[in-house]
Amino acid sequence: MRTIKFRAWSKHRKKMDHWDYLLYYPNYLRDLLKWAGIIRRENFKEENGKCVIKKDKIIMQYTGLKDRNGVEIYEGDIVKVEKAYTHPDERIIQKG
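What follows is the structure in structure tokens.
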């Protein structure tokens with residue numbers, strides 16, 4: 026089973042934030058913020074008693090894959106593929 030991880034790109038700050046947990050339960054979220062700071066308060070706001078992600082954030086989930094350097098790959102990442110095999114009746118995709 027893969028680890029559930031998320032990260033968020035802040036359009037405003039031009040910075041990536043990483044989270045090990047992404048929870049939408051307001052009371053539990055508040056407790057985590059007070060206890061360990063696992064989720065950063067600036068990434069969320071409260072609307073009508075619900076905790077929501079601010080609109081300037083782009084949320085990406087960890088795919089469970091790593092590149093050849095051991096760096097985690099998240100949804101939305103751009104990766105370079107040198108060779109990829111698809112169905113036998115299709116061509117090999119190569120860079121160049």
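In this note's numbering, the protein residues as written are 26 to 121. A virtual CB, placed ideally from N, CA and C, is assigned to each residue, including glycine.
- When secondary structure is reduced to three states using DSSP, Arg32 falls in the strand class.
- Arg32 is classed as buried because its beta carbon has at least 16 other beta carbons within 10 Å across all chains shown.
- According to the DSSP assignment, Gly89 belongs to the beta strand (DSSP E) that extends over Lys82 to Lys91.
- Assignment of beta-bridge partners to Lys40 by DSSP yields Ser35.
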